[in-house]
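So the structure is just underneath, and the comments pick up after that.
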DNA sequence: GCCGTTTTCGGCCCGACTGTTTTCAGTCG
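Residue numbers (the UniProt record's numbering): 1 to 556.
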């Protein structure tokens, strides 16, 4: 069990203590220990109890609690509190802007203990009348509820891939030749349907054991529909005769919008897929009048035009990555040391590691003060002296302040090899102010890469609005590289804007924003969505060698 | 509940933001 899983259990226990008016100071301790846990570098599961109780803020009880969680996977105290709490309250916890204090009022004063009743109370204007609440709070609750509803039954790419693999393993233990198809193969950034193909000739429908749960009304003899292990996400398992495998696979691995694309004669791709006696996907595309299009690109976006003037072989792959440029260490809010991070980058075959810890304004993430920057640079020089054919590059993730300035004086900025400029606070600007703020940061002579462009968090926070073309034009004019933040939480810049970058000659850097060693592997997700946009390794900054990357930075 | 002494009781991470207040409480990252 990881530290963050333990922290989640303790956090929920603390919140429920508050909700049920139990010992207020005890819950404070629980919640502050969560803060400590999140920045703890050692796995609790590897620690002796004497070591745990030596941690600041961890006394007798917290040590006992952590040991209980490690042994049983939960806390008896939490189980008892959960039993006292209506199920719907846990949904209300997900509403933005509502913390324990407000939820307590809603529950105790208005008897609201589920999302539905909360929504009705908002629509009737009852929330705004409650003391401590107002019109704006009521509006923002409604807005958050609508957002939550739209996200139901959806998973981020990383979660979907794990679940899909788990299901594939179970299916493969029953049937031979089972394949994943659909959104997972197309690498959509969020997933609301997991699809599988089971090759099987003859009569008889598929029989799936628990924890599969069939939706009888939606299923047919050849198509099993339902859910898996209480997950909300929909599952489809299709029985396919061996003679139909090629076209069925292609059908499932293409978005509807892709299948609706027309050739020069006005014929839909779908006709060729369905009618085909052709024995490969390449032949289907050929009959349609196009070159082969990779599954990631089959979105009905610009792929038909793209393939006319590009080659699939030029598209970025994991193996073409040579380095990594946006990463954190224990100097700021990372979990691993600079050396651990760099060594791991070397281990997975990369040839350089760019450190870009948080800048001084990001106090919540222990952003680096100028004197700490100096210290880090000394360590980098020492480490670089020890490596052969591997380099650590001195970077920083500088906050873009609300007025568009970067977060250090020029002499400090000048001491880095490169600067990733990113917005972390005041995320609520209107489109003109937000755009102006970013353009000012892009025009700063020290900015090398524009970090997570929109500030979005997939399935949890919309990005701020931007005039995208103006931003891209400014990057082109100022030799600024666009980040494709590869964290599955972000995948920001959205892949749909990558083509516009390429049209202006703006390079893309696939950056993991890693806060742990294994976080470097998040570049896999970045590569997947970059392939949707047809990004070439030629235009990917971290597919370049160390010397070439430094040349790009020095152009500034 | 936990810490750290101003050493057995007082005060808790912290700064920004928002909305509801009329000087501040609640939420967030």
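For glycine and all other residues, C-beta sits at the position ideal for the given N, C-alpha and C.
It should be emphasised that the depicted structure is a prediction, and the values quoted were computed from it without experimental measurement.
Inset, instruction - State the start and end residues of the unbroken alpha helix (DSSP H) segment that holds residue 574. - result: One cannot answer for residue 574 here, as it falls past the ends of the chain, which runs 1 to 556.
Inset, instruction - Report whether the distance from the Cβ of residue 107 to the nearest heavy atom of the ligand SAM is below 8 Å. - result: Among the components modelled here there is no ligand, and therefore nothing to report on the ligand SAM.
Inset, instruction - Could you tell me whether the Cβ atoms of residue 62 and residue 528 are closer together than 9 Å? - result: no
Legend entry - Neighbourhood of residue 435 by C-beta distance below 7 Å, restricted to the same chain and skipping five residues each side: 466, 467, 470, 471
Inset, instruction - List the residues that DSSP assigns as beta-bridge partners of residue 353. - result: 324, 392
Inset, instruction - Rank 8, 536, 74 by C-alpha distance to the C-alpha of residue 321 and give the top, closest one. - result: 536
Inset, instruction - Put residue 47 into one of helix, strand or coil per three-state DSSP. - result: coil
Legend entry - Any 3 or more C-beta pairs closer than 8 Å across the segment 83–91 and the segment 65–75: no
Legend entry - Reference residue 12, options 3, 27, 420, closest by Cα: 27
Legend entry - Beta-carbon proximity check, residue 292 vs residue 315, cutoff 9 Å: no
Inset, instruction - Report, in whole angstroms, the separation of the C-beta atoms of residue 485 and residue 494, which I expect to be a contact under 8 Å. - result: Not really, about 10 Å apart at Cβ, beyond 8 Å.
Legend entry - Alpha-carbon to alpha-carbon, residue 351 and residue 533: 26 Å
Legend entry - Coil, strand or helix - residue 518 by DSSP: helix
Legend entry - CB of residue 514 within 9 Å of CB of residue 341, strictly: yes
Inset, instruction - Kindly list the residues whose CB is nearer than 7 Å to the CB of residue 401, restricted to its own chain and excluding five residues on each side of it in sequence; keep chain order. - result: 361, 407
Inset, instruction - Tell me the start and end of each unbroken alpha helix (DSSP H) in the segment 171–212 that is at least 4 residues and wholly inside, in chain order. - result: 183–186
Legend entry - N- and C-terminal bounds of the beta strand (DSSP E) containing residue 422: 418–422
Inset, instruction - Indicate whether the contact test is met: 3 or more Cβ pairs, each with one atom in the segment 278–294 and one in the segment 226–245, closer than 8 Å. - result: no
Legend entry - Nearest residue (CA-CA) to residue 457, options 391, 33, 155, 298: 155
Inset, instruction - Take residue 148 as the anchor and find which of 115, 139, 124 has the nearest alpha-carbon. - result: 115
Legend entry - the segment 325–334 / the segment 508–523 touching (three or more Cβ pairs under 8 Å): yes
Legend entry - Assigned exposure category for residue 357 - 16 Cβ within 10 Å defines buried: buried
Inset, instruction - Could you please give the first and the last residue of the uninterrupted alpha helix (DSSP H) stretch that includes residue 250? - result: 245–252
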